[in-house]
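This report refers to the structure that appears directly beneath it.
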Amino acid sequence: MSSDFDDFEEDATTRVPAPRQGMRMPSVELVVVEGKDRGRRVTVRAGVARIGTAKGSELELTDPTVSRVHCEIRVRTDTITLRDHGSTNGTYVGGARIRDADVPAGTIVRVGSTSVRVEVGDAPSFVEVSSAASFGELVGGSLPMRRLYAVLERIAGTDTTLLIEGETGTGKDVVARSLHGASRRKNGPFVPIDCGAIPENLFESELFGHVRGSFSGALSDRKGVFEEADGGTLFLDEIGEMPMSLQPKLLRAIETRAIRRVGGNVAKPVDVRIVAATNRDLGRGVNEGKFREDLYYRLAVVDVTLPPLRERPEDVPALAQHFYEKLSPGAGALPPDFLRMLASRSFPGNVRELRNFIERSVSLGFVAPRSGASPASAAPAPTRADLDEWVPLHLPLKDARQAWTGRFEEVYLRAMLRKTGGNVTRAAELAGVSRRFLQRLAARLGIRASEVGADPRDLEREEE
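Structure below.
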């Protein structure tokens, strides 16, 4: 790596790197006070420390009653969180078994036959925080997100393997795409693969490709995703779903940077950066024998956790506006009443649920400024009473769902036809359906051409 001060001309001005921003956090140390490793002490760096017997654990123990990845300590600005990873013998505080809880300084944590004290030092530690309010496609200026941006900014220019953890719907795929876009590989391919959607008997072929005749149905040579991503980034989504039998081969490919097609006898070098993501607890998978320990630590060279939306509610307005602008370019700002309504809602489905809610609101006409109108003259936001009118509470759940779906289809189709000026072919393309399907839907809903300004022939049902 080149130094900050490369060769300059004699009279050139030396550029001093700008200081990085950061925040103060508690300085936490873990001290073994009882057990085979008594006296061992580690500092919690980067906000997280794993405790277990696995090599690579921040606090690596030799106690045979401790699981491979037993538990972890996470340090935040005002809390210290203890989380068990499905250990065999459990994690205890004061005689109570703990799965996920905040613990105060001075707490004695019992893991197997070992006791560990959580100590907080007098001098705080320093954690980097980005000054940006976004990173690639990621949006949000909350503290948890700016801490994430700082890590991504640090590793963007490297080929370091990244493991992204987080709940479903938090946007792990967006992190992967954004990192690729900020890397030196941005002009190379970004190849995502969903490990949970591939049949086990096809997994090896999907990863590494195959040669003609290697198995029944292999009619020609085929590249796998490793070769497709050569020179770019390979995103292994839902890595926790990968079959145990394939994990050694994946580890070998990552370590050797070479792959061998199914049925082939020649190893082919590949230049890929690996980004993996999971909503599963891989530490628990290691303890249960469902995920290889060596692969886990090879993927988690850098490990980040994407915060759920409930931990960053201040990002909801910015995210909502971001999705609104993508759905309705040039539509202006979302109405304040609508934003206040969003703030009062919970989104257990995280960012994905918020995006779907905005899309549904736009499709149903709840937020749609008049053509050419300024943001201030946007359509009024719906109140809870407005939304309740759409819910047929006099019907059982099954019937109410069918009624809602029918009404939504009508509103959606009318809005789509207005958007395309009655062009059914274009409307079908935007809706992702066939022209004939759209014509039949219009006929079933009784939508006439004159209502949307279309050519009457466009909405006529075609002959079979």
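All residue numbers for the sequence shown refer to the numbering used here, where the first residue is 1 and numbers rise by one.
Note that the Cβ used here is the ideal one computed from N, Cα and C, for glycine as well.
If you draw a straight line from the C-alpha of residue i to the C-alpha of residue j, how long is it?
i	j	result
Leu306	Ile80	18 Å
Tyr297	Gly56	7 Å
Ser426	Thr161	It should be noted that the sequence gives Arg, not Ser, for residue 426. Taking the straight line from one Cα to the other gives about 42 Å.
Leu59	Lys36	13 Å
Glu29	Ser183	34 Å
Ile447	Arg414	8 Å
Tyr149	Ser130	6 Å
Thr53	Arg41	15 Å
Ser113	Arg99	18 Å
Arg74	Asn350	22 Å
Lys498	Ala443	Outside the modelled stretch of the chain, which goes from 1 to 464, sits residue 498, for which no answer is possible.
Ala132	Met25	20 Å
Arg440	Asp159	51 Å
Gly188	Ser178	13 Å
Tyr92	Ser115	9 Å
Leu445	Leu417	14 Å
Gly432	Gly136	27 Å
Quick one, are the C-beta atoms of residue i and residue j less than 9 Å apart?
i	j	result
Gly232	Val191	yes
Ala318	Val175	no
Cys71	Asp63	no
Val262	Gly209	yes
Lys249	Leu207	yes
Ala277	Gly106	no
Leu364	Ala320	no
Phe226	Ile259	yes
Met304	Val151	Just to set this straight, residue 304 is Val in the shown sequence, not Met. The answer is yes: Cβ separation under 9 Å.
Lys290	Met244	yes
Val31	Glu119	yes
On the CB-based measure, 16 or more other CB atoms within 10 Å of its CB, does residue i come out buried or exposed?
i	result
Leu309	buried
Asn287	buried
Gly157	exposed
Ser205	buried
Pro124	exposed
Lys172	buried
Gly95	exposed
Glu293	buried
Ser346	exposed
Glu314	exposed
Going by DSSP, what residues sit across from residue i in a beta bridge?
i	result
Thr43	Glu29
Pro192	Phe235
Asp84	Cys71
Leu417	For Leu417, which the question treats as bridged, DSSP gives no partner whatsoever.
Tyr92	Arg97, Arg110
Ile51	Leu59, Cys71
Ser536	Residue 536 falls outside the range modelled here, since the chain spans only 1 to 464, and no answer is possible.
Let me see if you follow: with CB-CB separation under 9 Å, is residue i close to chain C or not?
i	result
Val174	Among the chains of the structure shown, chain C does not appear; only one protein chain is present.
**Report entry** Those runs of the beta strand (DSSP E) which lie wholly inside the region 142-172 and span at least 3 residues
**Finding:** List check, beta strand (DSSP E) in window: 162-165.
Query raised in the report: If you scan the region 271-345 from start to end, which runs of the alpha helix (DSSP H) of 4 or more residues do you find wholly inside it?
Result: 282-287, 293-299, 316-327, 336-343
Query raised in the report: Where in the region 196-277 do unbroken runs of the beta strand (DSSP E), each at least 3 residues long, occur, reported from the N-terminal end onward?
Result: 233-237
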